[in-house]
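S.K.: Here's a structure for you.
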Amino acid sequence: MGSSKNQHQLPPPIVCVGASAGGLEAIERFFQSCPNDLGASYVVIQHLSSHYKSMMDDLINRYSNMKVKIIKTGDIPLKNQIYLIEAGTVIRLINGAFHVDKKIEGELTLPIDIFLQSLADDKRGQSTAVILSGTGCDGSRGVVALNAVGGFVIVQSPAQSGFDGMPKSAISTGVVDSVLGAEAIPLQIKKYLSADFIRSSSKESFFPELAVGNPQEHYARIIDKLYVEFGINFALYKDATVIRRIERRMQVKHITDYKKYAEVIEKDPTEALSLRKELLIPVTNFFRDPEIFNTIKSQVIENLIDSHCGSGDIRVWVAGCATGEEAYSYAMLLESALRKRKSQLNFKVFATDVNPSIIDIASKGIYPESIKREVHKDIAELYFVAHDGQLKVNQNIRQRVVFAVHNLLTDAPFTKMNLVSCRNTLIYFKNDAQKEALKKLAFSVQPNGFLVLGKSESLIAYDDYFEVTDRKHKIFKCTKRAPASLSSGYIQHHKNNVTTSADYSIATKQNSEIELIADAQIKKCFIPLTLLVDHSQEVIHIYGEDTSLLELKPGSVNYQLANLLPGKIASVAVALLYRLNKKGGVITSDTVKWKDENTQLHDIQIKGWMIHHGDMPSHYVLAIVKIAQPSDAKSETSHSELNQSALDKITQLQLELTATRESLQSTIEEFETTNEELQATNEELMASNEELQGSNEELQSVNEDLNAVNAEYHEKVSILNRINADLDAMSLSTGIATIFVDDALRLTRFTPDASLIFKVRDQDLGRPLDEIVNTLNYDSFFEDINETLTSETTKEVEVINNVGQGYLMRIVKYRIPSSEKLGVAISLIESYGYRTNQKIIDALPHHIVVLDKQGDIQMVNEAWKKFVRTNQHDAIQRNSWLGERYTDYCDHELSLDINSVLNGKCARLKKVYPCHSSNEKRWFVMEVQALDHDGYSAVISHTNITDFKERQ
């Protein structure tokens with residue numbers, strides 16, 4: 001039993017989040033909804049230019065509490081951490097650790113595919129691939145590889161994606177488990193990870209401990225359902241593989257009970273289809289294992305062309321072709337070799353698979369642009385054309401490949417093949433099924449033909465008929481024709497007889513071994529080629545060893561009687577079936593002449609009879625017998641009996657045929673000339689198209705980079721808008737007058753309260769500050785701003801406006817980030833202390849004036865203002881007295897005395913002076929008192945002592 005301790009020691013599951021253009025928003029929504037404690041490692045892979053500095057770590061940190069780290073070589077993925085790819089790199093997981101490589105400039109790089117493929121190679125079956133918004137097709141090959149090892153695949157809904165290229169491309173592979181909105185994906189991952197199975201450590205049991213009742217029984221129900229639904233007997237496949245794929249579907253559906261899953265399979269046809277798709281793993285690539293294909297090119301293809309002397313085509317059968325890449329690879333190898341030799345030989349590739357859905361994909365010949373990583377640039381340019389953002393196999397190659405649905409274990413094999421390839425398909429079968437499949441493959445290869453198997457497979461049947469061409473790459477050459485498999489077509493599925501034991505028998509054999517040998521000898525010596533045909537004229541069984549009459553015609557492969565026999569014999573056989581339907585009994589056809597592959601002439605006769613059994617439709621047995629050829633003498637006698645009129649008629653027909661041939665030849669030449677012109681035009685168009693395609697790829701790459709940058713700029717603009725709104729709200733709420741200027745003292749921003757002091761409007765932004773009128777009595781205003789700009793100090797000073805309102809002014813320098821430019825913020829806070837002081841001096845009867853260090857008036861009381869108005873000091877009244885130089889209105893001697901206090905030479909001054917008016921005589925005593933204050937230097941009081949003087 002696997003202990004919980006061992007489970008805790010397992011490496012964490014990896015969630016690969018792949019995105020391209022428009023993926024920033026999707027990534028944010030993903031991590032906003034993602035729990036921080038799922039126990040997974042998250043690897044975020046984006047398409048980033050080598051010269052682009054990503055801000056993704058800062059953005060993700062706003063939505064997740066998990067640690068964010070840039071991947072370095074040697075890092076081991078830890079649970080509940082987020083890993084980011086560095087710009088200009090690709091990453092792989094090798095032996096449980098990250099490995100970072102630099103991108104190769106100028107080459108197509110698909111970082112998501114590369115990482116997902118490395119997960120598959122590292123056997124990370126518990127990993128999850130998440131494909132989000134993006135252009136192109138990156139990720140589509142990787143998800144297939146990850147699915148093949150049991151990984152989970154989720155794709156963002158194309159309708160929600162900013163760019164739906166990557167999601168749609170991934171969905172088209174047919175291996176996607178869920179299509180959801182970005183915010184719903186983390187919940188699906190949580191369900192998937194929480195539904196993990198606890199496997200038994202016993203090698204005899206593959207079933208989860210949580211299964212209720214008898215899991216083998218319910219497993220048998222599942223296999224039965226698949227056979228009834230699709231005609232595929234998965235009991236012949238290895239139990240461990242089948243059960244692992246079933247359990248993965250159970251994990252996706254969150255079911256831990258085999259009984260419940262069997263019920264789901266029986267009720268839900270879509271789940272049965274999903275399970276079939278899961279079991280028939282379509283893992284393939286163009287030129288998969290390049291070293292093997294190089295060997296095939298040099299030792300097989302060249303040999304076939306050199307040795308082929310027949311008039312027919314070179315025939316290739318690719319069994320288990322999946323989505324067609326391998327079949328097209330063989331076609332490209334053959335076409336390239338024949339073109340280089342300027343050979344007129346033709347060839348045909350028959351590609352078969354048991355899964356109809358992937359045969360449909362293969363027939364279309366349309367693949368994502370990511371296949372450029374699998375094929376050489378010259379191959380891609382020569383054999384593919386652009387098609388709606390994808391690549392399509394060109395017509396020349398497509399018409400050389402025939403695709404068909406074919407079950408290698410139950411359907412009759414192809415015949416007379418020069419090359420048969422079945423790579424990495426037999427490994428999924430049990431031993432007995434492998435042997436039966438190998439017998440069919442061996443029988444298909446004609447002498448001097450080749451058989452290619454997968455690197456994990458070997459020739460365990462009929463090895464006496466083959467010699468090893470390359471043992472490492474499992475390439476074998478046929479030395480003599482292998483006999484047909486005696487058990488052809490006998491492997492059947494019997495409901496409720498499925499077991500999971502290793503000794504499962506492919507079919508029950510009632511006879512002893514000696515009886516089977518005797519049966520084979522009898523069939524070989526005495527039974528002619530005999531066909532069992534059903535009511536729809538399809539051949540369902542072949543008897544006899546002499547199958548030289550059988551052939552397959554180009555086009556979609558089927559087992560119709562007319563498709564398996566040569567044209568002249570096929571028409572006789574079909575006519576015989578109609579006669580059997582009308583008359584019944586045993587009917588023998590007329591004799592038909594036929595030449596075999598050695599040009600030897602044979603007389604063929606067909607004998608047929610009808611079979612009835614219960615309520616089943618009628619079946620037919622057709623025995624095809626070769627009759628001895630009449631002697632040459634008889635032929636000559638028969639020939640001489642032709643009368644002269646017949647000979648004349650033949651001569652006339654020959655003349656007409658010659659004239660027709662000449663006319664046809666002339667027409668053909670005209671067509672060839674036209675075709676050459678069209679071909680030249682087509683080549684020019686293809687060259688132009690390739691150039692445009694190259695430019696389009698470059699533009700697409702640039703566009704993805706721009707979209708990524710644009711998305712981050714949108715995010716930054718959103719942040720700036722939010723900051724601006726916060727600043728505006730703060731400006732309104734604080735009520736502090738503030739203006740901002742740049743290092744050239746141009747206005748950049750202001751708060752609403754600033755308009756009470758500075759005459760500013762929104763149109764004034766950018767204007768120099770010295771052009772804007774203000775109400776301050778502050779001569780050194782601009783000097784103090786410049787001083788602050790050139791120093792690191794913050795300046796604070798109390799100022800007053802022209803109506804005596806006091807403010808605390810603060811001038812602060814700041815630096816604009818990522819720039820050498822400076823700015824200054826000037827805030828004015830209404831001075832409460834100034835207002836208090838003003839009220840105090842207004843209450844005094846004395847005339848009070850407060851001066852600064854230069855002798856300018858900074859503050860006066862109401863008594864002084866009233867005195868000035870009464871005595872009509874126009875100059876002072878006109879300038880509102882604040883800011884005026886006090887000594888300008890004093891005599892020279894008094895001015896000197898006041899300046900002595902301002903300069904610190906004297907702390908206090910008292911002086912009596914007359915100040916007579918036109919209608920009275922007055923005396924005042926003036927007192928000048930020095931002040932220890934940053935803004936003020938002295939206070940002057942004037943007291944009327946006229947009454948005192950008169951009494952004196």
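Residue 925 in UniProt numbering sits at position 925 of the sequence shown, and the numbers go up by one each step.
We treat Cβ as the ideally placed atom computed from N, Cα and C, and that holds for glycine.
Does DSSP put Thr284 in a helix, a strand or coil?
M.R.: It is coil, neither helix nor strand.
S.K.: Going by the beta-carbon positions, is the gap between Thr751 and Ile736 smaller than 8 Å?
M.R.: Taking 8 Å as the Cβ cut-off, Thr751 and Ile736 qualify as a contacting pair.
S.K.: Nearest to Gly165 by CA position, among Leu108, Gly18, Ala145, is which residue?
M.R.: Measuring from the Cα of Gly165, the nearest candidate turns out to be Gly18.
S.K.: Looking at Thr738 and Ile840, is the spacing between their C-beta atoms short of 8 Å?
M.R.: Not in contact: Ile840 and Thr738 (Cβ atoms no closer than 8 Å).
S.K.: Which residues in the same chain as Leu549 place their Cβ atom closer than 8 Å to its Cβ, once the five residues preceding and following it in sequence are excluded?
M.R.: Answer for Leu549: Leu529, Leu565, Pro566, Ile569, Trp594, Ile604, Ile624, listed in chain order.
S.K.: Flag this pair as yes or no: are the beta carbons of Phe31 and Ile60 separated by less than 8 Å?
M.R.: Cβ distance < 8 Å, so Phe31 and Ile60 count as in contact.
S.K.: For the alpha helix (DSSP H) that Arg92 lies in, which residues bound it at each end?
M.R.: Here Arg92 belongs to no alpha helix (DSSP H); instead the beta strand (DSSP E) covers 89-94.
S.K.: According to the neighbour-count rule (16 or more other Cβ atoms, all chains shown, within 10 Å of its Cβ), is Ser456 buried or exposed?
M.R.: Exposed, because fewer than 16 other Cβ atoms sit within 10 Å of the Cβ of Ser456.
S.K.: Among Glu247, Gly96, Leu78, Lys102, which has the Cα closest to the Cα of Ile85?
M.R.: Closest by alpha carbon: Lys102.
S.K.: From what residue to what residue does the alpha helix (DSSP H) around Arg579 run?
M.R.: Element bounds for Arg579: 567-583.
S.K.: If contact is defined by three or more beta carbon pairs under 8 Å, each pair taking one atom from either stretch, is the segment 291-307 in contact with the segment 471-483?
M.R.: The segment 471-483 is in contact with the segment 291-307.
S.K.: Going by DSSP, what residue range makes up the alpha helix (DSSP H) through Phe30?
M.R.: Run containing Phe30: 23-33, per the alpha helix (DSSP H) assignment.
S.K.: Kindly identify the DSSP beta-bridge partner or partners of Cys16.
M.R.: Answer by DSSP bridge pairing, in chain order: Val43, Ala129.
S.K.: Using a Cβ-Cβ distance cut-off of 8 Å, determine whether Gly735 contacts chain C.
M.R.: Note that chain C does not occur in the displayed structure, where there is just one protein chain.
S.K.: Please report how far the alpha carbon of Ile757 lies from the alpha carbon of Thr775, in whole angstroms.
M.R.: Roughly 6 Å between the two C-alpha positions.
S.K.: Quick one: using the 10 Å Cβ neighbour count with 16 as the cut-off for buried, is Asp177 buried or exposed?
M.R.: Classification of Asp177: buried, given that the 10 Å Cβ count is 16 or more.
S.K.: Nearest-angstrom Cα distance between Arg276 and Asn285?
M.R.: So the alpha carbons of these two residues sit roughly 21 Å apart.
S.K.: Suppose only complete runs of 3+ residues qualify. What are the beta strand (DSSP E) ranges in the segment 120-198, listed by chain order?
M.R.: Correct list: 128-131, 152-156, 178-180.
S.K.: What is the C-beta distance between Ile14 and Ser127, in whole angstroms, given that I count them as a contact (C-beta under 8 Å)?
M.R.: Between Ser127 and Ile14 the Cβ distance is about 5 Å, and since that is below 8 Å, they are a contact.
S.K.: Looking at the secondary structure, which residues open and close the alpha helix (DSSP H) in which His847 lies?
M.R.: His847 -> not in any alpha helix (DSSP H); beta strand (DSSP E) instead, spanning 847-851.
S.K.: How is Ile114 classed by DSSP in three states: helix, strand or coil?
M.R.: Correct three-state label for Ile114: helix.
S.K.: Output the distance between the C-alpha atoms of Gly174 and Asn36, rounded to the nearest integer angstrom.
M.R.: Gly174 and Asn36: Cα-Cα distance of roughly 31 Å.
S.K.: Whose CA, out of Lys190, Ala575, Glu884, lies closest to the CA of Gly608?
M.R.: Of the listed residues, the one whose Cα sits closest to Gly608 is Ala575.
S.K.: So the alpha helix (DSSP H) Glu830 belongs to, where does it begin and stop?
M.R.: Where Glu830 is concerned, there is no enclosing alpha helix (DSSP H), although the beta strand (DSSP E) it sits in stretches over 822-830.
S.K.: Can you have a look at Gly454 and say buried or exposed, based on whether 16 or more other CB atoms are within 10 angstroms of its CB?
M.R.: Buried, by the Cβ-count rule.
S.K.: Am I right that His406 and Thr352 are in contact with their C-beta atoms under 8 Å? What's the rounded C-beta distance?
M.R.: Indeed, because the Cβ distance is near 3 Å, the residues count as touching under 8 Å.
S.K.: Whose C-alpha, out of Pro914, Asp932, Val68, His933, is nearest the C-alpha of Phe924?
M.R.: Closest option to Phe924, Cα to Cα, is Pro914.
S.K.: Quick check: the Cα distance between Leu132 and Pro282, rounded to an integer number of angstroms?
M.R.: C-alpha separation (whole angstroms): 23 Å.
S.K.: Can you give me the Cβ contacts of Pro368 inside the same chain, cut-off strictly under 6 Å, excluding the 5 residues immediately before and after it?
M.R.: So the list reads Cys137, Ser140, Ser169, Gln390, once near-sequence residues are dropped.
S.K.: With DSSP as the reference, please indicate the residues paired to Arg749 in a beta bridge.
M.R.: In the DSSP output, where bridge partners are listed per residue, Arg749 has Phe740.
S.K.: Quick one: measure Cβ to Cβ for Val130 and Cys16, integer angstroms, because I've assumed they're closer than 8 Å.
M.R.: That belief holds up - the Cβ atoms of Val130 and Cys16 are roughly 7 Å apart, short of 8 Å.
S.K.: Within the continuous beta strand (DSSP E) that includes Asp58, where are the two ends?
M.R.: From DSSP, Asp58 is part of no beta strand (DSSP E) but of the alpha helix (DSSP H) over 56-61.
S.K.: So, at 6 Å on beta carbons, what are the nonlocal neighbours of His47 in its own chain, with the 5 sequence-adjacent residues on each side left out?
M.R.: Once the five neighbours on either side are set aside, the close Cβ partners of His47 are Ser20, Glu704.
S.K.: Going by the beta-carbon positions, is the gap between residue 979 and Met610 smaller than 8 Å?
M.R.: Limits of the chain in this structure are 1 at one end and 952 at the other, which puts residue 979 out of reach.
S.K.: Cβ of Ala331 within 8 Å of Cβ of Val354?
M.R.: Not a contact, by the Cβ cut-off of 8 Å.
S.K.: Quick one: give me the first and last residue of the alpha helix (DSSP H) that Tyr330 is part of.
M.R.: Note, Tyr330: alpha helix (DSSP H), 325-341.
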